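Asker: Take UniProt numbering: the last position of the sequence shown gets the number 354, and nothing is skipped along the way. For glycine and all other residues, C-beta sits at the position ideal for the given N, C-alpha and C. These figures come from a predicted structure and were not determined experimentally. My questions all concern the structure below.
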Amino acid sequence: MTDTIKKILFSLGDARRPLHETAILVEDIVHTQLINLLQQAAEVSQMRGARVISAEDLLFLMRKDKKKLRRLLKYMFFRDYKSKIVKGIEEDDILEDKFNSNNTNKRQKLAQDFLNSIDQTGELLAMFEDDEIDDVKQERMERAERQTRAMDSVQYAEFCESRQLSFSKKASKFRDWLDCSSMEIKPNAVAMEILAYLAYETVAQLVDLALLVKQDMIPKAGDPFSHAISATFIQYHNSTEPHLLGQSASVKTSLDSPENTPPPTPTPPASAGQQHLGKTPSGALGNGGIGQDSTKSKQRKRKKSTAACGMEAQSDAIQPSHIREAIRRYGHKIGPLSPFTSAYRRNGMTFLAC
């Protein structure tokens with residue numbers, strides 16, 4: 001799962017080679033949030049007397065956040081649309097009304113029927129007719145376009161392959177990752193599709209927030225808000241980063257430290273007359289003289305530049321400290337009534353995808 005998350009991080013705006021530590025941290029956050037979400041969905045399922053966790057339970061938990069619920073409804077619509085194409089339905093049937101009650105629109109009909117049963121103001125049903133542009137999706141597409149400008153054909157092919165990854169393509173592995181077999185109330189197939197979508201959205205939102213944190217941490221001359229930088233981030237940035245980049249740091253140390261610098265080539269001692277006249281001994285122009293020293297110096301410079309490029313590539317990647325600071329900011333309470341505004345805050349962490 002870590003390798004899949006690395007590729008997804010790259011497709012969402014991270015460096016081409018995301019840090020392993022960052023991928024592990026993201027995997028842990030996504031897993032924790034989905035397990036908590038499953039527990040709450042199981043409680044909702046028990047309250048309505050159902051034997052399985054279905055899409056209705058997850059929609060009920062997401063009812064407060066209209067933007068994310070609208071994004072999920074669009075995803076369910078396109079899943080139905082994809083099913084139509086795969087089953088080979090004729091073009092006239094594809095262009096039918098998207099709220100058709102036939103079996104090919106089962107996901108969206110299920111969502112519409114459930115939201116109709118709990119909607120008292122008409123706000124939830126209005127989302128089915130809403131064609132408003134999703135600002136978050138638009139920003140992600142623009143970021144992906146900027147990311148591909150400097151890519152060659154090999155990098156672009158790798159990027160396109162990463163963009164096609166999702167957690168739903170390996171459903172059995174994803175189910176085992178969530179340990180659904182040990183649950184008393186298990187999610188059905190449609191609920192697993194939604195959970196896979198929410199897992200991807202959680203990674204995407206972590207990248208969105210981490211990139212903002214990374215941008216904020218760039219020092220700006222005359223910034224009046226520099227004093228507001230989180231002490232938590234500074235602590236992680238100063239103490240954690242050298243440890244996380246230990247491999248690159250060791251490369252740099254091995255290249256720059258005097259202990260690891262090769263000793264100079266010995267040269268025959270100059271006579272007193274030569275020292276007085278400032279003449280260069282003939283041996284200095286041979287294999288152990290100035291020519292070889294200059295060659296070794298160039299090789300050392302090339303090694304240093306290669307190591308510097310590697311460190312620069314890692315410095316462009318999202319660091320674990322960026323993720324931690326993003327989580328801290330996202331869950332930070334603002335205002336006297338903030339503890340009462342979240343409908344599903346539990347275990348100290350606000351859900352990212354719903």
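In three-state DSSP terms, what is Pro320?
Answerer: Correct three-state label for Pro320: helix.
Asker: Does Phe167 pass the burial test, meaning 16 or more other C-beta atoms within 10 Å, or should it be called exposed?
Answerer: Buried, by the Cβ-count rule.
Asker: Counting only the same chain and skipping the five closest in sequence on each side, list residues whose C-beta sits under 7 Å from that of Leu25.
Answerer: Cβ within range, chain order: Pro320 and Ile323.
Asker: Around the C-beta of Lys6, are 16 or more other C-beta atoms found within 10 angstroms, so that it is buried, or is it exposed?
Answerer: Buried, because 16 or more other Cβ atoms sit within 10 Å of the Cβ of Lys6.
Asker: Could you tell me which residues DSSP puts in a beta bridge with Ile53?
Answerer: DSSP output for Ile53 lists Pro187 as bridge partner(s).
Asker: Short of 7 Å in beta carbon distance, which residues of its chain neighbour Ala171, apart from the five on each side in sequence? Order them along the chain.
Answerer: Cβ within range, chain order: Met192.
Asker: Closest to Thr32 by C-alpha separation, out of Pro336, Leu198 and Leu209, would be which residue?
Answerer: When only C-alpha atoms are compared, the closest one is Leu198.
Asker: Going by DSSP, what residue range makes up the alpha helix (DSSP H) through His332?
Answerer: Here His332 belongs to no alpha helix (DSSP H), and DSSP marks it neither H nor E.
Asker: In this structure, how does DSSP classify Gln120 when only helix, strand and coil are distinguished?
Answerer: Here Gln120 sits in coil by DSSP.
Asker: Between the Cα of Lys214 and those of Thr4, Gly13 and Ile8, spot the shortest distance and give me the residue it belongs to.
Answerer: When only C-alpha atoms are compared, the closest one is Gly13.
Asker: Would you decide whether Glu161 is buried or exposed? Buried here means 16 or more other CB atoms lie within 10 Å of its CB.
Answerer: That one is exposed.
Asker: I'd like to check one pair, Ile185 with Gln46: are the Cβ atoms closer than 8 Å?
Answerer: Yes. Within cutoff.
Asker: Tell whether a beta-carbon distance below 8 Å holds between Val203 and Ile8.
Answerer: Yes. Within cutoff.
Asker: Using a 10 Å radius around the Cβ and a threshold of 16 neighbouring Cβ atoms, would you call Glu56 buried or exposed?
Answerer: Flag for Glu56 reads buried.
Asker: State the start and end residues of the unbroken alpha helix (DSSP H) segment that holds Met47.
Answerer: Start and end: His20 to Met47.
Asker: Which same chain residues end up closer than 7 Å to Met127 when comparing Cβ atoms and leaving out the 5 residues on each side of it in sequence?
Answerer: Lys66, Leu69, Arg70 and Leu73.
Asker: Which term fits Asn116, buried or exposed, when burial requires 16 or more other beta carbons within 10 angstroms of its beta carbon?
Answerer: Exposed, because fewer than 16 other Cβ atoms sit within 10 Å of the Cβ of Asn116.
Asker: Nearest to Lys106 by alpha carbon, out of Gln155, Lys64 and Phe77?
Answerer: Among Gln155, Lys64 and Phe77, the Cα nearest to that of Lys106 is on Phe77.
Asker: Tell me the DSSP secondary structure of Phe174 in three-state form.
Answerer: Three-state DSSP puts Phe174 in a helix.
Asker: The alpha helix (DSSP H) that contains Leu9, what's its start and end?
Answerer: First-last of the alpha helix (DSSP H) with Leu9: Thr2 to Leu12.
Asker: Return the Cβ separation of residue 366 and Met183 in integer angstroms, given the expectation that the two are a contact with Cβ distance under 8 Å.
Answerer: The chain is shown from 1 up to 354; residue 366 falls before or after that span and cannot be answered.
Asker: Around the C-beta of Tyr200, are 16 or more other C-beta atoms found within 10 angstroms, so that it is buried, or is it exposed?
Answerer: Tyr200 should be labelled buried.
Asker: What's the gap between the Cα of Thr2 and the Cα of Ala23?
Answerer: Spanning the two alpha carbons is a distance of roughly 6 Å.
Asker: So, with DSSP's three-state summary, where would you put residue 356?
Answerer: Residue 356 lies beyond the range of the chain shown here (1 to 354); nothing can be said about it.
Asker: So, helix, strand or coil for Ala157, using DSSP?
Answerer: Helix.
Asker: Note down the Cα distance separating Asp179 from Leu165, rounded to an integer number of angstroms.
Answerer: Near 21 Å, if we compare the C-alpha coordinates of Leu165 and Asp179.
Asker: Measure the beta-carbon distance from Leu59 to Ala111 and round it to whole angstroms, keeping in mind my assumption that it falls under 8 Å.
Answerer: Indeed, because the Cβ distance is near 6 Å, the residues count as touching under 8 Å.
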